[in-house]
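Novice:
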Amino acid sequence: MARVRRRDRYGRGLRGPLTPPQAPVSRTRAERFDDLVRDEVRRLEQRWGRELAQVEFAVEEVPDLEPWFDGPVPLGQTVPGDNGRPVRIAVFRRPVEARANGERDLGRLIRDLLVEEVADLLGLSPESVDPSYDTPDD
């Protein structure tokens, strides 16, 4: 005889997702971080689209550091292009999240980090790349 399972062993009922997968609350922290980076890249490309056409943006979990590395952990990195590969700007998710104090600060930190990397790449000051650089969001 087949046994029909109606409750879990602690009597609370079968568990399942509490929200639909398309709801914002069901997105992971990594997915929300990717969205923040993507939004900021779009904003920069609106102003600097031609200059950033051959630049690849990426999110990585942590930087690849040597075991003997002794210094501050980088939040981002620009890797020059070679052999037909594009210039790559990477944002390191875990160090950025560790440095941020809340969601609002996280967005500002991502904005400033990407502006600094693009400014360095283009040989400009961060303020000329984005006039809102290093100003708090109100």
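Note that full-length UniProt numbering has the sequence shown beginning at 1, numbered continuously upward.
Each residue gets a CB set at the ideal place from its N, CA and C atoms; glycine is no exception.
In this text, all values refer to a predicted model and were calculated from it rather than measured experimentally.
Any contact of the segment 99-110 with the segment 80-90, i.e. 3+ C-beta pairs under 8 Å?
Specialist: Cβ pair count under 8 Å is below three, so no.
Novice: Check each candidate in Val-37, Arg-47, Arg-32, Ala-30 and name the one with the smallest Cα separation from residue 149.
Specialist: The structure shown does not extend to residue 149, since the chain spans only 1 to 138, so no value can be given for it.
Novice: Name the DSSP beta bridge partners of Gly-76, please?
Specialist: Paired residues: Val-91.
Novice: For Glu-57, report the span of its beta strand (DSSP E) as first-last.
Specialist: First, the residue type needs correcting, since residue 57 is Phe and not Glu in the sequence shown. Start and end: 55-60.
Novice: Does any C-beta atom of chain D lie closer than 8 Å to the C-beta of Leu-121?
Specialist: In the displayed structure, chain D is absent; only one protein chain is listed.
Novice: Three or more C-beta pairs closer than 8 Å, one from the segment 33-47 and one from the segment 62-71: is that the case here?
Specialist: With a cut-off of 8 Å, the segment 62-71 and the segment 33-47 do not count as touching, because too few Cβ pairs lie within range.
Novice: If you follow the alpha helix (DSSP H) that Val-65 is part of, which residue opens it and which one closes it?
Specialist: A small correction: the amino acid at residue 65 is Leu; Val does not occupy that position in the sequence shown. No alpha helix (DSSP H) holds Leu-65; DSSP gives it neither H nor E.
Novice: What did DSSP end up calling Pro-131 once you bin it into helix, strand or coil?
Specialist: Coil.
Novice: Which of the three DSSP states is assigned to Asp-35 in this structure?
Specialist: Asp-35: helix per DSSP, three-state reduction.
Novice: Given this structure, state the Cα-to-Cα distance separating Arg-27 from Leu-36, to the nearest angstrom.
Specialist: Their Cα atoms are separated by approximately 13 Å.
Novice: Inspect the beta-carbon positions of Val-115 and Asp-130 and report whether they are closer than 8 Å.
Specialist: Result yes, Cβ atoms of Val-115 and Asp-130 sit closer than 8 Å.
Novice: Is the CB-CB distance between Glu-97 and Phe-57 below 8 Å?
Specialist: Against a cut-off of 8 Å, the Cβ pair of Phe-57 and Glu-97 comes out as no contact.
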